[in-house]
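This note's numbering applies: residue 28 is where the sequence shown begins, and numbers increase by one. Note that the Cβ used here is the ideal one computed from N, Cα and C, for glycine as well. Here is the structure we will look at, set down as structure tokens.
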Amino acid sequence: MNTGVIDLSEDFDALYSEELKKNNIHVVPLTIENYEQKAIGLDAIIVRENSLKDTAKTCNILIKLRERTNALVWVFPTSSQKLVRTIYLELGAVGIIPEDCEANELQLIISNNLEKKKKGNDKVFGNENTLSSSECEGYEYSKKLQLVPRNHSVRIVGKGEIPLTRLEYKIMDILYKNMNNAVSYEELYEAIWGKEFNNQNYRVANLIFHLRGKIERSSVNPEYIRTVRSKGYMLDLAPPI
Numbered sequence: 028m029n030t031g032v033i034d035l036s037e038d039f040d041a042l043y044s045e046e047l048k049k050n051n052i053h054v055v056p057l058t059i060e061n062y063e064q065k066a067i068g069l070d071a072i073i074v075r076e077n078s079l080k081d082t083a084k085t086c087n088i089l090i091k092l093r094e095r096t097n098a099l100v101w102v103f104p105t106s107s108q109k110l111v112r113t114i115y116l117e118l119g120a121v122g123i124i125p126e127d128c129e130a131n132e133l134q135l136i137i138s139n140n141l142e143k144k145k146k147g148n149d150k151v152f153g154n155e156n157t158l159s160s161s162e163c164e165g166y167e168y169s170k171k172l173q174l175v176p177r178n179h180s181v182r183i184v185g186k187g188e189i190p191l192t193r194l195e196y197k198i199m200d201i202l203y204k205n206m207n208n209a210v211s212y213e214e215l216y217e218a219i220w221g222k223e224f225n226n227q228n229y230r231v232a233n234l235i236f237h238l239r240g241k242i243e244r245s246s247v248n249p250e251y252i253r254t255v256r257s258k259g260y261m262l263d264l265a266p267p268i
């Protein structure tokens with residue numbers, strides 16, 4: 028297993044690298060200049076930062092990694108405010124490594140999650156990122172899109188596994204559980220943000236916009252997430268007539 032480390036203004040302690048290597052996790056040094064190219068094929072990535080200086084850089088890294096790789100990403104700040112931690116999670120980080128995390132603890136966090144990811148992929152989908160054409164034949168229409176809870180992602184026949192942010196996955200999960208039925212703006216908003224609605228359609232619409240950008244071939248003519256006029260949205264997984 029390969030784990031990339033992006034050092035920003037704080038170095039990744041050699042003790043962490045040594046402990047990971049002892050457990051067959053190879054550490055790959057990355058830089059701000061090359062991480063986009065080298066991230067492909069990595070199992071996990073750690074961003075080592077000082078949150079007071081590097082928040083903007085880290086946000087940009089998370090956005091780009093989400094577009095390029097399915098690797099699990101952790102942020103390791105020297106300190107972090109709650110708001111910053113929340114932003115990182117919404118942008119796709121699977122976790123925030125605590126400041127006092129010791130080497131053996133970090134190794135367990137990384138190895139346990141990678142093992143769960145591997146078992147989840149093997150159990151449900153096998154080792155390939157996409158289904159072969161022969162596997163697609165006769166595939167149930169309702170199964171052409173499936174959620175992958177372990178990875179906070181969605182898997183689509185022909186497109187493979189697509190990583191989602193925490194909020195994107197949450198709204199996808201709601202729509203999936205109510206597939207082929209409209210879910211109102213109010214229901215979606217209150218389920219996701221846990222607050223009174225107050226006609227904040229735009230927040231739901233903005234989240235759907237980003238989600239469509241990831242899973243749809245065309246956001247103008249979406250195949251999966253349909254707009255139900257004056258009501259909300261529906262995940263359309265009904266077989267074509």
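So what does DSSP say about residue i, is it helix, strand or coil?
{"i": "MET261", "result": "strand"}
{"i": "ASP34", "result": "strand"}
{"i": "GLY218", "result": "Checking the displayed sequence, the identity of residue 218 turns out to be Ala instead of Gly. Of the three classes helix, strand and coil, the one that applies to ALA218 here is helix, per DSSP."}
{"i": "HIS53", "result": "strand"}
{"i": "ALA71", "result": "strand"}
{"i": "ASP40", "result": "coil"}
{"i": "GLU155", "result": "In this prediction, GLU155 scores a pLDDT of 38, lower than 50, which makes its location untrustworthy; the coordinate-derived value is nonetheless stated afterwards. In the structure shown, GLU155 sits in coil (DSSP, three-state: anything other than H, G, I, E or B)."}
{"i": "VAL111", "result": "helix"}
{"i": "LEU191", "result": "coil"}
{"i": "SER271", "result": "No information on residue 271 is available, as it lies outside the stretch 28 to 268 that the chain covers here."}
{"i": "LEU116", "result": "helix"}
{"i": "ILE59", "result": "coil"}
{"i": "ASN29", "result": "strand"}
Determine the closest residue to residue i out of the options, with distance taken between C-alpha atoms.
{"i": "LEU194", "options": "ALA232, ARG95 and THR30", "result": "ALA232"}
{"i": "ILE235", "options": "LEU262, LEU141 and PHE224", "result": "LEU262"}
{"i": "ILE73", "options": "ILE219, GLN64 and PHE39", "result": "PHE39"}
{"i": "ASN29", "options": "ASN97, GLN108 and ALA83", "result": "ASN97"}
{"i": "TYR251", "options": "GLU243, ASN140 and LYS48", "result": "GLU243"}
{"i": "LEU42", "options": "ILE90, GLN134, THR85 and GLY119", "result": "GLN134"}
{"i": "TYR62", "options": "VAL184, VAL100, LYS49 and LEU238", "result": "VAL100"}
{"i": "VAL102", "options": "ARG95, ARG256 and ILE88", "result": "ILE88"}
{"i": "GLU76", "options": "VAL175, ASN207, TYR115 and ASN225", "result": "TYR115"}
{"i": "THR105", "options": "ARG95, LEU35, ALA120 and ASN225", "result": "LEU35"}
{"i": "MET199", "options": "ILE67, GLN173 and ARG177", "result": "GLN173"}
{"i": "ASP70", "options": "LYS258, ASN51 and LEU110", "result": "ASN51"}
{"i": "THR85", "options": "GLU132, ILE67 and VAL32", "result": "VAL32"}
Run the CB neighbour count on residue i, radius 10 Å, all protein chains shown included, and call it buried at 16 or more, exposed below.
{"i": "HIS179", "result": "buried"}
{"i": "LYS222", "result": "exposed"}
{"i": "GLU46", "result": "buried"}
{"i": "GLU191", "result": "According to the sequence displayed, residue 191 carries Leu and not Glu. With 16 or more Cβ atoms within 10 Å of its Cβ, LEU191 is classed as buried."}
{"i": "THR113", "result": "exposed"}
{"i": "LYS204", "result": "exposed"}
{"i": "TYR216", "result": "buried"}
{"i": "ILE137", "result": "buried"}
{"i": "SER257", "result": "exposed"}
{"i": "LYS80", "result": "exposed"}
{"i": "LYS241", "result": "buried"}
{"i": "LYS144", "result": "buried"}
{"i": "LEU355", "result": "Residue numbering for the chain in the displayed model covers 28 to 268; residue 355 lies beyond these limits and cannot be assessed."}
Which residue marks the beginning of the alpha helix (DSSP H) containing residue i, and which one marks its end?
{"i": "ILE90", "result": "78-95"}
{"i": "TYR251", "result": "Counting along the chain, TYR251 falls outside any alpha helix (DSSP H), and DSSP gives it neither H nor E."}
{"i": "ARG63", "result": "For clarity, residue 63 is Glu in the given sequence; the question names Arg instead. Looking at the DSSP string, the run of the alpha helix (DSSP H) that includes GLU63 is 62-65."}
Where does the unbroken beta strand (DSSP E) through residue i begin, and where does it stop?
{"i": "TYR236", "result": "Tyr is not the amino acid found at residue 236; the sequence shown has Phe there. Run containing PHE236: none in the beta strand (DSSP E); it sits in the alpha helix (DSSP H), 228-242."}
{"i": "PRO104", "result": "99-104"}
{"i": "ILE183", "result": "180-183"}
{"i": "VAL121", "result": "It is not in any beta strand (DSSP E) - VAL121 carries neither H nor E in the DSSP assignment."}
Under 8 angstroms: do the stretch 48-57 and the stretch 111-126 share three or more Cβ pairs, one atom per stretch? no
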